[in-house]
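Chains as they are written, first to last, in the numbering used here: chain P, 1 to 160; chain G, 161 to 239.
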């Protein structure tokens with residue numbers, strides 16, 4: 001399907017790339033979303049609203065940055081998503097992409113849990129203590145080593 | 161806002177499916193029990209608000225801001 005008037009202009013989304021969020025994302029419009037990625041496999045993706053094209057949020061895989069990140073999924077949430085085993089869950093977190101890379105933060109408090117097979121997702125409040133909604137992402141990285149990537153390649157809906 | 165005073169052990173019914181029980185009052189805290197169908201979500205309000213703010217701030221990100229290093233380079237440096 002084609003989405004017009006997104007922040008990236010007009011984009012093409014495969015129908016089977018659409019994820020259903022029964023309650024949407026907290027505070028944002030729309031129940032259907034799709035993951036968009038750059039063709040050069042950047043760690044960051046956009047979660048694009050299918051129902052409300054001007055809306056999109058940057059997301060990333062928290063495990064890339066925090067290898068011991070844990071999410072506590074309630075039985076009700078697991079059942080709703082059709083998740084029976086931990087390895088069926090894919091977890092994304094929303095990123096605040098600041099102007100300076102040092103100021104990027106990730107929301108570890110409100111992860112987005114998705115079940116690739118059922119195409120269902122839900123943003124939950126992670127009850128495990130100590131996780132911040134504004135956790136700095138690049139605190140441990142030597143800034144001199146982080147290079148800008150090549151200019152943005154065309155957006156493509158990614159299969160998960 | 162509807163304001164009601166309850167004592168420990170007393171309950172409130174919200175709609176017909178949500179029951180709130182005041183369990184215990186101790187100092188400045190009150191312990192509250194909530195029975196609701198599993199499809200009714202219950203949040204600590206301040207956490208929900210925090211996530212909402214972060215979502216909305218993230219949704220305001222200029223589309224050209226994510227020009228970053230590749231996944232391979234990030235995993236080397238951060239893990």
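Beta carbons are placed, not taken as given, at the ideal position from N, Cα and C, and that holds for glycine.
If I follow the unbroken beta strand (DSSP E) through residue i, where does it start and stop?
| i | result |
| --- | --- |
| residue 128(P) | From DSSP, residue 128(P) is part of no beta strand (DSSP E); its letter is neither H nor E. |
| residue 216(G) | From DSSP, residue 216(G) is part of no beta strand (DSSP E) but of the alpha helix (DSSP H) over 205 to 218. |
| residue 9(P) | 9 to 12 |
| residue 191(G) | 189 to 195 |
| residue 4(P) | 2 to 6 |
The alpha helix (DSSP H) that contains residue i, what's its start and end?
| i | result |
| --- | --- |
| residue 19(P) | Not the alpha helix (DSSP H): residue 19(P) falls in the beta strand (DSSP E), residues 18 to 21. |
| residue 78(P) | 75 to 81 |
How many Å lie between residue i and residue j at the Cα?
| i | j | result |
| --- | --- | --- |
| residue 169(G) | residue 68(P) | 41 Å |
| residue 134(P) | residue 20(P) | 26 Å |
| residue 188(G) | residue 10(P) | 54 Å |
| residue 55(P) | residue 74(P) | 28 Å |
| residue 53(P) | residue 59(P) | 17 Å |
| residue 25(P) | residue 177(G) | 24 Å |
| residue 162(G) | residue 179(G) | 16 Å |
| residue 50(P) | residue 122(P) | 15 Å |
| residue 238(G) | residue 87(P) | Annotation note: pLDDT 42 at residue 238(G) (below 50); position unreliable, no value reported. |
What would DSSP say about residue i, mapped onto helix, strand or coil?
| i | result |
| --- | --- |
| residue 101(P) | helix |
| residue 168(G) | coil |
| residue 111(P) | coil |
| residue 25(P) | coil |
| residue 119(P) | coil |
| residue 136(P) | strand |
| residue 162(G) | coil |
| residue 173(G) | strand |
| residue 35(P) | strand |
Do we get a CB-CB distance below 8 Å when we pair residue i with the residues of chain B?
| i | result |
| --- | --- |
| residue 28(P) | Here chain B cannot be found, since the structure's protein chains are P and G. |
Is the beta carbon of residue j closer than 8 Å to that of residue i?
| i | j | result |
| --- | --- | --- |
| residue 112(P) | residue 211(G) | no |
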